[in-house]
Amino acid sequence: MNFKIRAATREDCRDISRMIMELAVYEKMPDQVKISHEELERDGFCQNPFFECLVAEVPEEHKSKEGFTVVGYALYFYTYSTWKGPTVYLEDLYVMPEFRGNGFGKGLLSKVAEVAKKKQCVRLQLSVLNWNTPSRDFYAAKGAQDLTVTEGWHFIRFDGQNLDNLANEAPKN
Ligand SMILES: CC(C)(COP(=O)(O)OP(=O)(O)OC[C@H]1O[C@@H](n2cnc3c(N)ncnc32)[C@H](O)[C@@H]1OP(=O)(O)O)[C@@H](O)C(=O)NCCC(=O)NCCS
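Quick note: the sequence shown uses my numbering, first residue 523, plus one each step.
Put into structure tokens, the structure is as follows:
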């Protein structure tokens, strides 16, 4: 199927927001999504954006059942490895179900890798849920290594009250 991958614009944020929710439903955690399309516009399309995003777009004649032409996205940002240097972290990769198996996912992932190389990044990292074997297989087939298996890393987060508590304990001078 004919499609193009391009950098997202501010005007894509409604579509990205819709697909963020679709991905969260797939990942069985829709209640966790608190981000609105306005916040995506603010955080991704300001002077120092927190993230970059690519979208997969089909021509009008191949639009989705609901009439969408933006049918996939890859949202990523830059981080830094003290061992290896600049790194791209892929936060989300998603293709709408009716468009899967047509190379959209591979196209998005390869484009992120291309961006990473252009920015001199030496790693492309992401996390995937334990039960999501189709996607784990997809990444493995593209040559990714599973760091939980090979190096035993855990994925750690502070948020909410725990983050507040930690911040409140910061030395004052
Ligand atoms: C994962 C996902 C993005 C892949 O997108 P897609 O458009 O269906 O994948 P593609 O059609 O580009 O497939 C690319 C390649 O991966 C292979 N592939 C696809 N699904 C696969 C699977 N379940 N297991 C192994 N290989 C798979 C394809 O055969 C193809 O191989 P090729 O390059 O040799 O031709 C898509 O299935 C998706 O959105 N899944 C739900 C959301 C999700 O889990 N996202 C990742 C969260 S971390």
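C-beta atoms are modelled at their ideal positions from N, C-alpha and C, and glycine is treated no differently.
Expected contact under 8 Å - CB spacing of residue i and residue j to nearest Å
i      : j      : result
VAL617 : GLY627 : 5 Å
CYS643 : THR609 : 6 Å
ALA596 : PHE525 : Actually they are not in contact, since the Cβ atoms of ALA596 and PHE525 sit about 13 Å apart, beyond 8 Å.
GLU582 : TYR598 : Between TYR598 and GLU582 the Cβ distance is about 28 Å, and since that is not below 8 Å, they are no contact.
Any non-hydrogen atom of ligand 2 closer than 7 Å to residue i Cβ
i      : result
PHE660 : Annotation note on ligand 2: not contained in the displayed structure, which lists ligand 1 as its ligands.
Proximity winner among the options, relative to residue i (alpha-carbon distances)
i      : options                        : result
CYS535 : GLU583, HIS584, PRO552, VAL593 : VAL593
ALA545 : VAL580, SER657, GLU560         : Per the sequence shown, residue 545 should be read as Leu rather than Ala. Among VAL580, SER657, GLU560, the Cα nearest to that of LEU545 is on SER657.
PHE660 : SER632, ASP681, GLN683, LEU685 : SER632
VAL580 : LYS639, ARG528, HIS559         : ARG528
ASP681 : ASN652, GLN554, PHE599         : GLN554
ARG645 : ILE678, GLY674, TYR611         : TYR611
ASP600 : LYS585, LYS587, PRO571, GLY625 : Reading off the sequence shown, one finds Tyr at residue 600, where the question assumed Asp. That would be PRO571, whose Cα lies nearest to the Cα of TYR600.
VAL650 : LYS639, LEU630, THR531, HIS676 : HIS676
THR591 : MET541, PHE573, GLU563, TYR602 : MET541
GLU574 : VAL547, LEU630, MET543, GLY674 : LEU630
According to DSSP, residues forming a beta bridge with residue i
i      : result
GLU574 : TYR598
GLN647 : TYR611
SER603 : GLY607
ARG528 : VAL577
TYR661 : DSSP lists no partner for TYR661.
TYR616 : TYR595
Between the CA atoms of residue j and residue i - distance to the nearest angstrom
i      : j      : result
LEU648 : GLU620 : 24 Å
ASN654 : ASP686 : 32 Å
HIS559 : GLY589 : 19 Å
ASP668 : VAL634 : 19 Å
ASP565 : LEU615 : 18 Å
VAL671 : ARG622 : 27 Å
LEU576 : LYS550 : 24 Å
SER586 : LYS664 : 27 Å
GLU563 : PRO552 : 20 Å
ASN684 : GLY625 : 41 Å
ASN690 : GLY674 : 31 Å
VAL547 : LEU688 : 31 Å
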